[in-house]
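Single-structure report; data block below.
Residue numbers (this note's numbering), protein chains in the order written: chain S, 1 to 188; chain Z, 1 to 273.
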């Protein structure tokens, strides 16, 4: 088995070597890219477009990628692509918050059985979909991607303290949505 | 620490992001406060529900194919400026030529620094890292992740008999959330080695195992070398006369947790010889 030469083309234009390095460094994070795009855009068709566009943008700026956390780097591009698309579609508006939930911050622990029942299958998926986008993206990156606060801060372009605050409020809001949902919708 | 203070730190505590001092204070508060303990249990329950994997959207196969084609098409084209405000290729090339001499001197200086400041074994280690990363990525891309399927470790361990000249320890970590997906033969460091594949959510961990050279000292638990490269975390240790290389793109703390569990779990007792 040959031992492939790593980084032998640094400093010279070499599309084939670049493509190979790109494939090795970035393409393994395609699932992460799609998952984030899907949760942000909420439609699979849009998510696929986003991932394709973001991957090409990543490829074109790959020369500027100095190694390190390729997943965070790719997800930053995916996130920015999502936000650009949403701004273009909505003409600059940001999604409005559901009015009735603005005042509810559920902090007291609920009876465990009630909350657990609502965390099954579709109820949880729908509840996450209802979260404001900055809450949703923090939760997705933390709970589904297992990213650290620092990594989430890098991808979302805010301070670590902001990440911590968003996660805390996101979880409180999620709990409120779950408890407010009509009962009996959770058959898997 | 009172409830208000504990409540503010509870999320960070549940996420493992608190420093040791604050974590200890939160822990002691929880032990005597049922309300905060219940709040923590809720956070953990929510975490389990969201990280279980059923909410994770994997990229459709058709999308992967389209992207692979798009990447190939993009790199086959002659170089052109990306949409944006980056200078045209010709100007860029002249600029690189001008910087080449400076870059060469800088590289030489860095190279000397690298050789003198770093451990000599780092050179060997770096080549080994590239091999491990290459093996990991190829296993994921070519749909050749396992030759023998898990999760039964009693099937996987004997499968290696006659294929390699040593018997790897095969440990089942399913209850801890690391499913044993299977085994595979690999070729690393100039020899046949065992690969064990574990799954965590939608991510895979490759663990490469082969005999360590005579006289290698075992790595004490908790002192394994963890390296981050190209977005992967790679952890290496020596145990019971074997080299272990674990690699994955999951978060580094998770891989560290995995390695800790792997080292602690009792090994398979061979059923018959």
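We put the CB at the ideal spot given by N, CA and C, even for glycine.
Taking 7 Å as the CB threshold, residue 65 of chain Z stays off the interface with chain S.
Neighbours of residue 47 of chain Z across chain S, judged by C-beta separation under 7 Å: 143.
The beta carbon of residue 78 of chain S sits closer than 6 Å to those of 33, 36, 37 and 54, all from its chain and outside the five residues before and after it, given in chain order.
In this structure residue 164 of chain Z does not touch residue 181 of chain Z by the C-beta definition: roughly 19 Å separates them, more than the 8 Å allowed. For the C-beta of residue 84 of chain S, not a single chain Z residue is nearer than 7 Å; the gap to the nearest is close to 12 Å.
For residue 260 of chain Z, the closest Cβ of chain S is not nearer than 7 Å.
Cα atoms of residue 251 of chain Z and residue 90 of chain S: separation of roughly 35 Å, rounded to the nearest angstrom. Taking the Cα of residue 74 of chain Z as reference, the smallest distance to any Cα among S:153, S:130, S:177 and S:19 is reached at S:19. The beta carbon of residue 33 of chain Z is closer than 8 Å to those of 3 and 6 in its chain, skipping five residues each way along the sequence. By the rule that beta-carbons nearer than 7 Å mark a contact, residue 129 of chain S does not touch chain Z. If you check the CB distance, residue 235 of chain Z and residue 224 of chain Z come in under 7 Å. Cβ-Cβ separation between residue 200 of chain Z and residue 254 of chain Z: approximately 7 Å, consistent with a contact (criterion under 8 Å). Burial state of residue 24 of chain S is buried, judged by a 10 Å Cβ sphere holding 16 or more other Cβ atoms.
With fewer than 16 other CB atoms across the displayed protein chains lying within 10 angstroms of its CB, residue 108 of chain Z is exposed.
A Cβ-Cβ distance of about 6 Å is found for the pair residue 241 of chain Z and residue 212 of chain Z, placing them in contact under the 8 Å criterion. Annotation: residue 162 of chain S has no Cβ neighbours in chain Z at a cutoff of 7 Å; minimum Cβ distance is about 13 Å. For the pair of segments examined, the region 115 to 126 of chain S was found to touch the region 37 to 52 of chain Z: the number of CB pairs separated by less than 8 Å reaches three. By the CB criterion at 7 Å, residue 143 of chain S and residue 51 of chain Z fall inside the cutoff. Put simply, of Z:239, Z:67 and Z:229 the residue whose alpha carbon is nearest the alpha carbon of residue 215 of chain Z is Z:239. Among the residues facing chain Z, residue 167 of chain S is included, as its CB has a counterpart in that chain under 7 Å away. Around the beta carbon of residue 187 of chain Z, fewer than 16 other beta carbons sit within 10 angstroms, so the residue counts as exposed. Listed as beta-bridge partners of residue 242 of chain Z by DSSP are Z:211 and Z:239. In the structure shown, the three-state DSSP call for residue 64 of chain S is helix. In this structure, S:46 is the residue among S:140, S:46 and S:73 with its C-alpha nearest to the C-alpha of residue 82 of chain S.
Contacts with chain S (Cβ-Cβ distance below 9 Å) from the region 223 to 250 of chain Z involve 228, 229, 230, 231, 232, 249 and 250, listed in chain order. Residues of chain Z whose Cβ lies closer than 9 Å to the Cβ of residue 22 of chain S are, in chain order, 71 and 75. With distances taken between CA atoms, residue 155 of chain S lies nearest to S:140 out of S:168, S:140 and S:169. Not a single CB atom of chain Z sits nearer than 7 Å to the CB of residue 137 of chain S. Nearest to residue 137 of chain Z by C-alpha distance, out of Z:174, Z:219, Z:247 and Z:40, is Z:247.
Minimum Cα-Cα distance from residue 228 of chain Z among the listed residues S:157, S:181 and S:71 corresponds to S:71. By the beta-carbon neighbour count (other beta carbons within 10 angstroms, threshold 16), residue 168 of chain Z is buried. In the displayed model, residue 47 of chain Z falls within a helix according to three-state DSSP.
Under the DSSP definition of a beta bridge, residue 29 of chain S lacks any partner.
Within 10 angstroms of the beta-carbon of residue 167 of chain S lie 16 or more other beta-carbons, which makes it buried. Chain-order list of chain Z residues neighbouring residue 115 of chain S: 42, 45 and 46, by C-beta distance under 9 Å. Here DSSP, grouped into helix, strand and coil, assigns residue 66 of chain Z to helix.
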